[in-house]
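Notes to accompany the following structure.
Protein chains in written order, with my numbering: chain X, 194 to 958; chain V, 8 to 296.
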């Protein structure tokens, strides 16, 4: 495929137009999930477990039902028994049994906040009062809160039916063991001059989207249901809800609302099937909106983990062997991103001898959901600090060590065929040549660290239509909820192909009945895959425009060309003057009717992404507090369609990675109850905690995409925790092996080092 | 949220009548920055909410060089932070009021409310303790005064009995060559709650400390007056040894817990660190007066 451009240069792509959905969002007119209201609408609330692990002996709802204003109560008894096996739901393989048990607990509650029942009432306050009248009799069980606790012999078992291949018929909390091997690890370590071995513990963290989960369900007497909700994937909400409710997919329509952040956490379902169930029982639309506390207790987080990394290098800096053991908290049901962690942890380097063992472990915490490059940031915290230590031992600049061992076109991947053209080394070189890296950093307790990261990116299915209106403007319709400025990018691609001003193209996100199947907005796939569908749909519209012009001029379509929005004959002819699309649009009715360009793709040719981040910190040695002085990220973005939104993705991911590294953590007490259920004590960085994050766009076009696009949304979150740890080391001389590197943890390490030095100097005296 | 009745009396007498009539079922409301959150979370469920923002005595901010400060319980943090006399005479209390929440919160919240909420981590309370503030309380049996360090009795509970209201905070006029300061430790740079808070006032006599008061926050079940640490400074030069002693005594006075905001060990250490720093700042300010 060749890009249609004027003189091989882009006119629209690479510019920075104002987003089409900007005004509505700025003035507050845009409709988010919680903004929907319908006549007769009821309000739902969810009863949640106060225990980390307990058997449900009975649930009594009669008192709640008697409260005036309460219209219905649902429990797991209202859900069909779902199949206990992996099933395809859209592109995701899910186990409907576990998904259903997470929507409403069946026999056991498995984490603090686990949903047990839902109430619909005439006001949210009555619904809340009704929750207090539901009587649940629990037999409290011992929880397993960490991978260590869940993996040890005799650990409390969460899911009695869970088995893995290695342990046969034994009950277990280990859902999966993945192993990846290459070469001969032991021989590799024997060849190493330096070996570094470290153990890491990283805390569970939340995506931190500001908009809580929400859903309005409307069940019609004819058996059709409509769900309005804030989601990254309307088609996924439809297929997952259909699984849980035991109805065919076609019985549900999902209308995606504007979305106030998702970062992966809005790719699954929580309230959606409850809204339909309650609507079915009451005959009214039912709206449910989570509180912040519910969001933190029961949605989204990504895994805490324990990771051991051993890496060896020769004196001249060649990494010769690596061995990794990693166990991720899946939450209450199988499915942590440990597989992705295993496949990303060593991905930036060519290492001949490696072995990676990865374990997916269920623990009494909320079921984890995707979070921006799932599983990669905590993995990189481990590997990228060990790399830093190796560079120090070898006496090589940490960027040079990365460049020396870095993957390039033709290098092997941990899994899959060799890399095609990629830009990892270019990101290291971009940092090396940056003003930031070249500027000296001086002053006490200050340090600079670098780290790199990898993310696969995804392809999958997308659909698009491009409609030519009667005035020659166009609309582009996709099924990809816009979480990162994708509407603007889709309009820009359409405008580029048709030669229209970008303001003449209106981008729309459609519901599940109004566009072909489109997979989730995730995996950094929208600009890549939906962009590919849009590119092809616009080409289809352009082809039809040429055909119509050929009809008007009574020539063959191949004699007509479209450039910069003007249709003309390749060879000029008398009385057949060029026509703008606008002029052609007035003739559509007479030449065959409206033009709809359309395309659907199951996108191949995904181009993976790499990023390298450099950060300067200053540590308060008496309190352990870290201030970030400067931060720069260089990322291979393929081709930036709208550079501002690409920069925004890079800055956003970096900010989240910094929060992960410094202060964010799920804090459970001894009984397994989450203590920090608000944003005061779940500490995401505020704008006052971050410098302006500098961005360097490295554009190594993806050969698998007509416009060179690579996914850009995720990889930026991968390097920051490790880059911070490396910077802290240079500032105060301690190697941190835990996240968050919060003031208490860092101070403890500093005081320990100080005490050791004092003992040493006392011994020397 | 539980249903409740809302009243907004315009005189202290009316407010006291309402408070008396509803007793334990009533809760005064100023900015609501703590109360509304607690009501939403179901932590407090008052049947009657009595808005005290319209009462003259509670809105008063009056300073005189002789009598000191009368600070109405409903004066907003921002009115304190933007008051030139407050900044000059009580810089520590002013900076504490200016640290509570965001600007939006400071427009609603009051120092009186910060105290009545009874949180051990309240930012303005250690600053008030350092200034030797007294709480003027009115109730069914008339008025009484309580030293601020005795006001909070346990987390979320104060000396206020059913029917009583905090009317004003009474703060002595600053002595010659004295000033105050407040520092808190938070993991972030803003929008956070104190992991440790230390307020100090220092009065100098030449190059020596004549008197000092140190208030501690977030390191015990209630805000504390660190008496031994304070008294250790009297008659001493504020050198490294004196600072070290005061810091150690302040750490020893704390009895923190482990929680999600920090470990006990961490809080004890940082109490010492902040005590040193805040005394140094207060003394610097005092030298200029």
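Note that the Cβ used here is the ideal one computed from N, Cα and C, for glycine as well. Being a predicted model, the structure only gives us computed values, none of them experimental.
Looking from the CA of residue 722 (chain X), the closest CA among X:776, X:800, X:764 and X:594 belongs to X:800.
Listed along the chain, the chain V residues whose CB falls inside 8 angstroms of the CB of residue 945 (chain X) amount to none; the nearest CB is some 12 angstroms away. Contact note: residue 240 (chain X) does not reach chain V at a C-beta cutoff of 8 angstroms; the least C-beta distance is about 13 angstroms. The Cβ of residue 256 (chain X) sits no closer than 9 angstroms to any Cβ of chain V. For residue 653 (chain X), the uninterrupted beta strand (DSSP E) segment begins and ends at 653-661. In this model, residue 316 (chain X) and residue 477 (chain X) are separated by some 13 angstroms (Cα to Cα). Contact between the region 520-529 of chain X and the region 547-562 of chain X is present: 3 or more CB-CB pairs across the two stretches fall below 8 angstroms. Distance from the CA of residue 804 (chain X) to the CA of residue 591 (chain X), rounded to the nearest whole angstrom, comes to 15 angstroms. Contact with chain X is found for residue 10 (chain V), since one of that chain's Cβ atoms lies less than 9 angstroms from the residue's Cβ. In the DSSP assignment, residue 231 (chain X) falls outside any beta strand (DSSP E) and carries neither an H nor an E. Within the model, the alpha-carbon separation for residue 190 (chain V) versus residue 283 (chain V) is close to 10 angstroms. In the DSSP annotation of this structure, the continuous segment of the beta strand (DSSP E) that includes residue 151 (chain V) starts and ends at 149-154. In this structure the region 692-702 of chain X lies against the region 656-673 of chain X, because at least three pairs of beta carbons, one per stretch, are closer than 8 angstroms. Only buried fits residue 908 (chain X), as 16 or more other CB atoms lie within 10 angstroms of its CB.
Excluding sequence positions up to five before and after residue 359 (chain X), its CB lies within less than 7 angstroms of the CB of 370, all in the same chain and listed in chain order. Its Cα nearest to that of residue 237 (chain V), the residue V:205 stands out among V:74, V:153 and V:205. DSSP places residue 836 (chain X) inside the alpha helix (DSSP H), whose first and last residues are 836-855.
Listed in chain order, the alpha helix (DSSP H) runs fully inside the region 375-462 of chain X are 378-383 and 427-438, counting runs of at least 4 residues. In the DSSP annotation of this structure, the continuous segment of the alpha helix (DSSP H) that includes residue 593 (chain X) starts and ends at 591-598. Of the candidates V:66, V:113 and V:194, the residue whose Cα lies closest to the Cα of residue 878 (chain X) is V:194. Taking a beta-carbon distance threshold of 9 angstroms, residue 860 (chain X) counts as an interface residue toward chain V. For the beta strand (DSSP E) assignment, the uninterrupted runs of no fewer than 3 residues enclosed by the region 501-554 of chain X are, from N- to C-terminal side, 512-524.
Flagged as an interface residue toward chain V: residue 868 (chain X), by a C-beta distance shorter than 9 angstroms. A direct Cα-to-Cα measurement between residue 22 (chain V) and residue 126 (chain V) gives close to 24 angstroms.
The beta carbon of residue 48 (chain V) sits closer than 9 angstroms to some beta carbon of chain X. By the beta-carbon neighbour count (other beta carbons within 10 angstroms, threshold 16), residue 825 (chain X) is buried. For the pair residue 78 (chain V) and residue 178 (chain V), the CB atoms are nearer than the 9 angstroms cut-off. Taking a contact to require three or more Cβ pairs closer than 8 angstroms, the region 941-957 of chain X and the region 833-841 of chain X do not qualify as touching. Residue range 936-957 is occupied by the alpha helix (DSSP H) that includes residue 953 (chain X).
By the CB criterion at 9 angstroms, residue 99 (chain V) and residue 225 (chain V) fall outside the cutoff. Counting C-beta pairs closer than 8 angstroms gives fewer than three between the region 240-251 of chain V and the region 143-160 of chain V, which falls short of the contact rule. Within the region 10-76 of chain V, the complete alpha helix (DSSP H) segments of 4 residues or longer fall at 19-29, 42-47 and 63-66, listed in chain order. For residue 71 (chain V) and residue 138 (chain V), the gap between their C-alpha atoms comes out near 15 angstroms. Under the 10 Å beta carbon count, residue 445 (chain X) is surrounded by 16 or more other beta carbons and is classified as buried. When CB distances to chain V are screened at a threshold of 8 angstroms, the residues of the region 874-897 of chain X falling below it are 874, 876, 878, 879, 881 and 882, in chain order. At least one beta carbon of chain X lies nearer than 9 angstroms to the beta carbon of residue 192 (chain V).
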